[in-house]
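Asker: In this note's numbering, the protein residues as written are 1 to 297.
We put the CB at the ideal spot given by N, CA and C, even for glycine.
Just so we're clear, the structure is a prediction, and the values are computed from it rather than from any experiment.
1) Please report the distance separating the alpha-carbon of residue 86 from that of residue 266.
2) Are residue 111 and residue 177 closer than 8 angstroms when you measure CB to CB?
3) Can you give me the Cβ contacts of residue 239 inside the same chain, cut-off strictly under 8 angstroms, excluding the 5 residues immediately before and after it?
4) Figure out for me which residue from 83, 54, 81 has the closest Cα to the Cα of residue 69.
5) When you compare only the Cα positions, how much space is there between residue 113 and residue 277?
6) Identify whether residue 42 lies in helix, strand or coil by the three-state DSSP scheme.
7) Evaluate residue 36 with the Cβ neighbour count: other Cβ atoms within 10 Å of its Cβ, from every protein chain shown; 16 or more gives buried, anything less gives exposed.
8) Among the candidates 45, 273, 243, 169, whose CA atom is the shortest distance from the CA of residue 144?
9) Starting from residue 190, follow the alpha helix (DSSP H) in both directions and report where the run begins and ends.
10) Provide the residue span of the alpha helix (DSSP H) that contains residue 150, from first to last.
11) Name the two residues that bound the continuous alpha helix (DSSP H) containing residue 111.
12) Within the continuous alpha helix (DSSP H) that includes residue 58, where are the two ends?
13) Output the distance between the C-alpha atoms of residue 27 and residue 46, rounded to the nearest integer angstrom.
14) Nearest-angstrom Cα distance between residue 241 and residue 235?
15) Using only the alpha-carbon positions, how far apart do residue 182 and residue 200 sit?
16) According to DSSP, simplified to helix, strand and coil, what is residue 67?
17) The alpha helix (DSSP H) with residue 133 in it runs from where to where?
18) Roughly how many angstroms separate the alpha carbons of residue 180 and residue 81, rounded to a whole number?
19) Measure the alpha-carbon distance for residue 63 versus residue 101 and round it to whole angstroms.
20) Can you look up residue 198 in the DSSP assignment and give me helix, strand or coil?
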């Protein structure tokens with residue numbers, strides 16, 4: 001009964017959203033549905049092809065004409081081969097360690113910085129905040145060389161910290177936290193001050209507990225970004241034992257070149273944790289996109 005009531009509420013919400021966005025026009029609704037179906041198919045077909053290829057032999061994967069379902073049937077050999085090497089599990093462990101550390105540290109640092117910009121007043125605050133906003137417009141690729149030289153200077157090349165530290169710079173997350181904290185009623189902090197709380201205690205005991213939605217939203221997006229990051233880990237690591245999944249998968253080759261079937265099997269294994277993460281937190285992720293606007297980044 002409870003599930004049915006929740007389903008009816010979500011259906012009514014979807015109807016109200018469609019009516020708000022598209023109006024009552026059936027032509028606009030039909031056109032929107034067609035566009036969404038085309039976009040979904042353009043995303044879904046490559047994914048289905050990757051799944052199909054991961055269950056083929058290498059000869060079937062490179063056969064022409066292409067076949068969705070090979071004549072000889074599907075095989076699990078690619079998955080058993082990839083998992084038996086142990087490299088993929090080591091790369092997955094590295095990725096989990098790095099993405100987890102990046103998520104925790106980025107959320108902590110950006111939340112503190114956002115709180116500082118939103119709720120404190122100090123000389124140069126506006127100039128510093130404008131500089132932080134300006135960093136959002138700078139492509140990360142421009143900073144690759146100076147970042148690499150800095151990692152060399154502190155002997156962090158080919159280390160976990162060398163992969164983690166540059167990913168902690170996230171000005172867009174500082175901006176999101178600052179905008180969220182600025183909307184918190186001042187009366188809550190004034191009441192804490194009356195009880196003798198300083199900035200740190202106010203942030204930890206008052207502001208942070210009521211900011212769980214934005215903390216979870218930022219955490220989810222930072223984790224996904226760190227999990228999929230390829231360029232920086234590829235540049236700063238050479239040791240196979242320190243590689244992340246995206247970097248390690250690019251090295252799955254033999255003497256004849258790339259092994260497409262095993263590469264696709266490795267990619268499916270790499271995507272599995274994110275798919276599970278999305279299935280568990282899909283409602284929070286969708287709400288986070290609507291709350292923060294990160295989907296239009």
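Answerer: With the structure as the only source:
1) 12 angstroms
2) yes
3) 158
4) 54
5) 27 angstroms
6) helix
7) exposed
8) 169
9) 186-194
10) 144-153
11) 87-119
12) 58-61
13) 30 angstroms
14) 15 angstroms
15) 16 angstroms
16) coil
17) 125-135
18) 48 angstroms
19) 43 angstroms
20) coil
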